[in-house]
Amino acid sequence: MPHIKVIIPAYNEADSIPLVIGDIPALVNEIIVVSNNSTDATVENARNAGATVLSESRKGYGYACLKGMAYVAEQNEKADIIVFLDGDYSDYPEELTKIIQPILDNKVDFVIGARVKTLREKGSMTIPQIFGNWLATTLMRFMFKSKFTDLGPFRAIKYTKLLDLNMEDKTYGWTVEMQLKVLKQKISYTEIPVNYRNRIGVSKVSGTVKGAVFAGFKILGWIFKYGFKK
Numbered sequence: 000m001p002h003i004k005v006i007i008p009a010y011n012e013a014d015s016i017p018l019v020i021g022d023i024p025a026l027v028n029e030i031i032v033v034s035n036n037s038t039d040a041t042v043e044n045a046r047n048a049g050a051t052v053l054s055e056s057r058k059g060y061g062y063a064c065l066k067g068m069a070y071v072a073e074q075n076e077k078a079d080i081i082v083f084l085d086g087d088y089s090d091y092p093e094e095l096t097k098i099i100q101p102i103l104d105n106k107v108d109f110v111i112g113a114r115v116k117t118l119r120e121k122g123s124m125t126i127p128q129i130f131g132n133w134l135a136t137t138l139m140r141f142m143f144k145s146k147f148t149d150l151g152p153f154r155a156i157k158y159t160k161l162l163d164l165n166m167e168d169k170t171y172g173w174t175v176e177m178q179l180k181v182l183k184q185k186i187s188y189t190e191i192p193v194n195y196r197n198r199i200g201v202s203k204v205s206g207t208v209k210g211a212v213f214a215g216f217k218i219l220g221w222i223f224k225y226g227f228k229k
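The numbering of the sequence shown is numbering that gives the first Met the number 0, which starts it at 0 and goes up by one.
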């Protein structure tokens with residue numbers, strides 16, 4: 000089996016993080032939780048559940064992901080596959096096996112867990128989230144001939160390909176930046192339908208008007224930036 004590491008950005012996810020870690024399949028070599036200024040027991044609970052815990056004081060989803068990547072780069076044993084997963088228990092961590100399977104089969108280099116309507120729990124995605132996903136993926140389809148249908152955070156990628164992307168977004172644009180760069184670099188990809196449930200706690204992005212608007216601007220900004228970039 001390849002060496003697999005999971006990176007989980009987390010901000011005040013004390014109640015959910017042990018459940019997330021506990022449901023991750025045993026084939027994963029290391030679970031890395033990056034606490035992004037958590038003020039509750041996220042760090043303690045994640046460590047007690049068996050995860051490697053890092054701290055990132057700069058607030059932002061992208062900052063947390065980049066912190067996890069920097070840690071992986073420092074290790075003697077390099078990863079073969081990196082999986083990104085949220086810490087709110089909205090995804091089903093046990094589905095990691097089907098997320099990585101297309102990579103294990105050497106069919107593609109990048110996989111998105113697509114939160115399809117038939118597998119989503121009622122209320123698990125807000126109306127702004129659903130509309131934002133539709134708008135972003137529709138624009139990507141017209142501008143880049145993309146086949147993406149979702150910007151889902153549950154995703155896996157070959158480590159070498161992840162490094163090639165030279166990720167830079169520090170906040171809400173992380174997921175769409177990754178997908179746009181995958182398209183630009185013609186990295187092979189696919190989507191796997193996944194189950195999705197109501198998160199534990201309140202979302203820091205879709206749960207506030209400010210967060211939803213800011214995330215929307217960031218996502219559209221990346222799309223148009225790459226749309227006019229040669």
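Just so you know, even glycine gets a beta-carbon here, dropped at the ideal spot from N, CA and C. Predicted, not measured: the structure shown is a model, and the values here were computed from it.
Extent of the continuous beta strand (DSSP E) to which V32 belongs
To locate residue 32, count along the sequence shown from 1; it is residue 33. Run containing V32: 29-34, per the beta strand (DSSP E) assignment.
Throw me the rounded Cβ distance for the A50 and I30 pair, which I believe falls under 8 Å.
Here residue 50 is taken as the residue at index 51 of the sequence shown, counted from 1. Here residue 30 is taken as the residue at index 31 of the sequence shown, counted from 1. Correct: roughly 4 Å between the Cβ atoms.
Compare the C-alpha of N105 against each of I218, M0, I222 and name the closest.
Stepping through the sequence shown from its first residue, residue 105 is reached at position 106. Of I218, M0, I222, the residue nearest in Cα terms is M0.
So V27 packs on Y91, CB below 8 Å; how close in whole Å?
The residue labelled residue 27 in the question sits at position 28 within the sequence shown. The residue labelled residue 91 in the question sits at position 92 within the sequence shown. Incorrect: roughly 14 Å between the Cβ atoms, too far for contact.
Over the uninterrupted alpha helix (DSSP H) stretch that includes G131, give me the two end residues.
As a working mapping, residue 131 is identified with position 132 in the sequence shown. That run of the alpha helix (DSSP H) goes 126-143.
Reducing DSSP to helix, strand and coil, say where D230 ends up.
Because residue 230 is not part of the residues shown, which for the chain are 0 to 229, the question remains open.
Exposed or buried, E167, counting other C-beta atoms within 10 Å across all chains shown (16 or more means buried)?
Taking the first residue of the sequence shown as position 1, residue 167 is located at position 168. Flag for E167 reads exposed.
Environment of K56 [buried if 16+ CB atoms lie within 10 Å]:
Residue mapping note: residue 56 aligns to position 57 of the sequence shown, counting from 1. Residue 56 is actually Ser in this sequence, not Lys. Exposed: under 16 other Cβ atoms inside 10 Å.
Evaluate R198 with the Cβ neighbour count: other Cβ atoms within 10 Å of its Cβ, from every protein chain shown; 16 or more gives buried, anything less gives exposed.
For this step, residue 198 is matched to residue 199 along the sequence shown. By the neighbour-count rule (16 or more Cβ atoms within 10 Å), R198 is buried.
Is the beta carbon of I222 closer than 7 Å to that of L164?
Taking the sequence shown and counting its residues from 1, the one referred to as residue 164 is at position 165. Taking the sequence shown and counting its residues from 1, the one referred to as residue 222 is at position 223. Taking 7 Å as the Cβ cut-off, L164 and I222 do not qualify as a contacting pair.
Who are the Cβ neighbours of Q184 in its own chain at under 6 Å, not counting the five residues just before and after it?
Your numbering for residue 184 matches position 185 in the sequence shown. Cβ neighbours of Q184 beyond the five flanking positions: none.
Express the C-alpha separation of K217 and Y62 in angstroms, rounding to a whole number.
Walking along the sequence shown from the start, residue 62 turns up at place 63. Walking along the sequence shown from the start, residue 217 turns up at place 218. Each residue's alpha carbon lies about 15 Å from the other.
Report yes or no: do the stretch 38-50 and the stretch 104-119 share at least 3 C-beta pairs separated by less than 8 Å?
no
Taking C-beta to C-beta, are W173 and Y60 nearer than 7 Å?
Position 174 of the sequence shown, counted from the start, is the residue given in the question as residue 173. Position 61 of the sequence shown, counted from the start, is the residue given in the question as residue 60. Yes, Cβ-Cβ distance for W173 and Y60 is below 7 Å.
Rounded C-alpha distance that separates K77 from M177
To locate residue 77, count along the sequence shown from 1; it is residue 78. To locate residue 177, count along the sequence shown from 1; it is residue 178. Going by the C-alpha atoms only, they are around 20 Å apart.
Under three-state DSSP, which class holds E55?
Translated into positions along the sequence shown, residue 55 becomes position 56. Looking at E55 - three-state DSSP - the assignment turns out to be coil, as it is neither helix nor strand.
Have a look at the DSSP bridge pairing and note the partners of P192.
For the purposes of this step, residue 192 is identified with residue 193 of the sequence shown, where counting begins at 1. Beta-bridge pairing links P192 to A113.
Alpha-carbon to alpha-carbon, D39 and A13:
In the sequence shown, the residue the question calls residue 13 occupies position 14. In the sequence shown, the residue the question calls residue 39 occupies position 40. Answer to the nearest angstrom: the Cα atoms are 6 Å apart.
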